[in-house]
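Residue numbers (the UniProt record's numbering), protein chains in the order written: chain E, 1 to 65; chain Y, 1 to 285; chain C, 1 to 211.
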């Protein structure tokens, strides 16, 4: 069961602490992705990447800095 | 003799003069408030209405199409008098223009280069790292070109004026055909009710179809005012979109931390809070 | 309170027991407060898992927040956008004819760019590497053999060498007489090393990007 699976992480303190710190890294990447995609979806049509095509012919991908 | 604090006489003098000063100040303020000009819209400028900017709200970004149109308005209209000192061409990249477009625009301009081998000044085409040049060499030239009035730099103007975007938009669109009856304007000024004092050196500059937008948006006065205001809001807060994204992240993380920490606090305190004491008073005998 | 009372009424032995242990049941007929209201009926494992999970998520969120904070401080130490924008120099190569030197300023330092002729490339490759003070093949010093790009700072004491001069057809430092060849390698004089090669790339056929 999932519950037992999670509970096994609590059994040893070293594993518990390692999970917390490893989870912090994973969480940050996941959270960043999630928030950004919600934010960009919420503001769809206003962002530069959405309106670029209206102004630039064949929107090229050299838009870096 | 003054070392032993104030004598009763000195105390009376200090208290008396404080009272006189306070009463005089109150009286002068009261007198001032009776005049027709004091604390009125004419003195402080008409309060602009609150407009529904598309970037109002906690999680709303700028409308980047509007920023691009606003830059066009700035370039074709405002730039003849107003500078934009804090914005470099590279800032436009990824916001309202592509790198090649920005490069094309700055290469049309000439900037000072390092002196050549003989020490003579040289010119070079602009680079993305260069800042957008102003219309005047220095402040004196700007004043001389505008009958003594200095057109302010527009980089931070939205932050620098009460009312922000609403004020800028109202000012640009708020020039009446004729000043109201009885208003006497100093020479060289125009009437604008939103400008504190009512007499502004800048005349009305936005008229319908003054510019031609590349995306076909009808260039009405209010459309141009809206676009250039959005653009100026961006120049004042180029970090705006990123800031709101960070704000969203911070809100989520901090509020969950708050809730979880309340749970953990209750958990830690449960043994203490759930403790009960029972006291049986000793029987008297 | 209990102890106080027992000192007065009961024997000394009971009072010591009452003091020494809180979980002690004093007597069978003692009335306990009602704790049933607080009792959680879930299993002990379940409760423990929930506790660990909540404490763990508190730690996880704090760690993520701390990481972001540290990252923000560290990134404030790196070069700002205006410095980074100045850190690169673009050079249009079409403006440099074959056999000509061009000096551009990059981060305040002179950069020598030479459009080498085929003879010069051949000459640079013909040198016996083992005879050099700072042995380096010509191919290790260029990305494209016709374009030689290097920092124009003498490795001896930092003068700027003169182009198309010296005994080896390359550069000559007027300060202490170091001679560099057509690949910018030190051949004679006090300088210990070859002219330094900056980081550069050809962003397209016509453009050189130094930095």
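Just so you know, even glycine gets a beta-carbon here, dropped at the ideal spot from N, CA and C.
Going by other Cβ atoms of all chains shown within 10 Å of its Cβ, with 16 needed for buried, is residue i buried or exposed?
i: residue 266 (chain C); result: Nothing about residue 266 (chain C) can be reported from this structure: the residues present for chain C run from 1 to 211 only.
i: residue 93 (chain Y); result: buried
i: residue 224 (chain Y); result: buried
i: residue 162 (chain C); result: exposed
i: residue 51 (chain Y); result: exposed
i: residue 41 (chain E); result: exposed
i: residue 194 (chain C); result: buried
i: residue 283 (chain Y); result: exposed
i: residue 12 (chain E); result: exposed
i: residue 151 (chain C); result: buried
i: residue 249 (chain Y); result: buried
i: residue 4 (chain E); result: exposed
i: residue 72 (chain Y); result: buried
i: residue 258 (chain Y); result: exposed
i: residue 219 (chain Y); result: buried
i: residue 141 (chain C); result: buried
Tell me which same chain residues have a C-beta within less than 8 Å of the C-beta of residue i, skipping the five on either side of it?
i: residue 60 (chain C); result: none
i: residue 87 (chain C); result: 79, 107 and 211
i: residue 189 (chain Y); result: 199, 200 and 201
i: residue 164 (chain Y); result: 158 and 233
i: residue 6 (chain E); result: none
i: residue 220 (chain C); result: This structure gives no information on residue 220 (chain C), because the portion of chain C shown stretches from 1 to 211.
i: residue 104 (chain C); result: 89, 91, 110, 111, 113 and 210
i: residue 149 (chain Y); result: 143, 188, 201 and 202
i: residue 63 (chain Y); result: 54, 55 and 230
Pick from the options: whose alpha carbon is nearest that of residue i?
i: residue 8 (chain E); options: C:32, C:35 and C:45; result: C:45
i: residue 173 (chain Y); options: Y:159, Y:194, Y:258 and Y:184; result: Y:194
i: residue 33 (chain C); options: Y:279, Y:142 and Y:285; result: Y:279
i: residue 175 (chain Y); options: Y:23, Y:132, Y:45 and Y:127; result: Y:45
i: residue 131 (chain C); options: C:185, C:119 and C:149; result: C:185
i: residue 280 (chain C); options: C:95, C:135 and C:171; result: The structure shown does not extend to residue 280 (chain C), since chain C is modelled only from 1 to 211, so the question has no answer here.
i: residue 125 (chain Y); options: C:175, C:90 and C:49; result: C:90
i: residue 244 (chain Y); options: Y:31, Y:22 and Y:56; result: Y:56
i: residue 204 (chain Y); options: Y:221, Y:145 and Y:247; result: Y:221
i: residue 53 (chain Y); options: Y:33, Y:11, Y:95 and Y:231; result: Y:231
i: residue 109 (chain C); options: C:70, C:198 and C:204; result: C:198
i: residue 145 (chain C); options: C:183, C:111 and C:173; result: C:183
i: residue 256 (chain Y); options: C:85, C:39, C:55 and C:41; result: C:55
i: residue 264 (chain Y); options: C:36, C:191 and C:48; result: C:48
i: residue 111 (chain C); options: C:137, C:160 and C:99; result: C:160
i: residue 252 (chain Y); options: Y:21, Y:59, Y:25 and Y:9; result: Y:59
i: residue 77 (chain Y); options: Y:211, Y:281 and Y:162; result: Y:211
i: residue 81 (chain Y); options: Y:142, Y:246 and Y:267; result: Y:142
In chain order, what residues of the same chain lie with their CB nearer than 6 Å to the CB of residue i, ignoring the 5 residues before and after it?
i: residue 85 (chain Y); result: 153 and 155
i: residue 61 (chain Y); result: 241
i: residue 236 (chain Y); result: 156, 158 and 159
i: residue 147 (chain Y); result: 188
i: residue 70 (chain Y); result: 227, 228, 230 and 231
Cutting at 7 Å between CB atoms, please list the residues of its own chain near residue i, excluding the five before and the five after it.
i: residue 130 (chain Y); result: 88, 89, 106 and 111
i: residue 286 (chain Y); result: Nothing can be reported for residue 286 (chain Y): it is not among the residues displayed for chain Y, which extend from 1 to 285.
i: residue 92 (chain C); result: 206 and 207
i: residue 203 (chain C); result: 209
i: residue 25 (chain C); result: Low local confidence applies: a pLDDT of 49 at residue 25 (chain C) is under 50, so the model's placement there is unreliable, and no value is given.
i: residue 67 (chain Y); result: 95, 96, 230, 231 and 234
i: residue 42 (chain Y); result: 198
i: residue 139 (chain Y); result: 150
i: residue 65 (chain Y); result: 215
i: residue 117 (chain C); result: 98 and 99
Can we count residue i as close to the ligand SAH, meaning its CB is less than 8 Å from some heavy atom?
i: residue 153 (chain Y); result: The ligand SAH is not among the ligands present in this structure, which contains no ligands whatsoever.
Which residues, in order along the stretch 24-53 of chain E, keep a beta-carbon less than 8 Å from a beta-carbon of chain C? 24, 25, 27, 28 and 31
In the stretch 17-60 of chain Y, which residue ranges form an unbroken alpha helix (DSSP H) of at least 4 residues, counting only runs that do not cross its ends? 41-44
For the stretch 96-177 of chain Y, list the beta strand (DSSP E) runs that are entirely contained and at least 3 residues long, ordered along the chain. 110-113 and 122-125
Taking only beta carbons into account, state which residues of the stretch 227-240 of chain Y come closer than 7 Å to chain C, listed in chain order. none
Interface residues of the stretch 56-71 of chain Y facing chain E [CB-CB below 9 Å]: 59, 60, 61, 62, 63, 64, 65, 66, 67 and 68
Interface residues of the stretch 106-118 of chain Y facing chain C [CB-CB below 8 Å]: 114
Which residues, taken in chain order from the stretch 31-43 of chain C, show a beta carbon closer than 9 Å to some beta carbon of chain Y? 31, 32, 33, 34, 35, 37 and 38
Chain-ordered residues of the stretch 206-219 of chain Y with a beta carbon less than 8 Å from chain E: 214 and 215
Chain C contacts made by the stretch 118-137 of chain Y, where a contact means CB separation under 7 Å: 128 and 129
Residues of the stretch 59-73 of chain C whose Cβ lies closer than 9 Å to any Cβ of chain Y, in chain order: 61, 62, 64, 65 and 68
If the cut-off is 9 Å on Cβ atoms, which residues from the stretch 188-200 of chain C count as contacting chain E, listed in chain order? none
In the stretch 245-277 of chain Y, which residues sit with their C-beta less than 7 Å from some C-beta in chain C, listed in chain order? 253, 256, 257, 260, 261, 263, 264, 267, 274 and 276
Could I get the ranges of all uninterrupted beta strand (DSSP E) runs contained in the stretch 192-272 of chain Y, with 3 residues as the minimum, in chain order? none
Mind checking the stretch 73-93 of chain C against chain Y and listing, in chain order, the residues whose C-beta falls within less than 8 Å of any C-beta there? 81, 82, 85, 86 and 90
Quick one, which residues of the UniProt domain "Rieske" (114-209) of chain C are near chain Y if we go by CB-CB under 7 Å, in chain order? none
Secondary structure, beta strand (DSSP E): runs of 3+ residues fully inside the stretch 43-116 of chain C: 89-92, 101-106 and 109-115
Every unbroken beta strand (DSSP E) inside the UniProt domain "Rieske" (114-209) of chain C [3 residues or more]: 147-151, 162-165, 169-173, 178-181, 186-188 and 200-204
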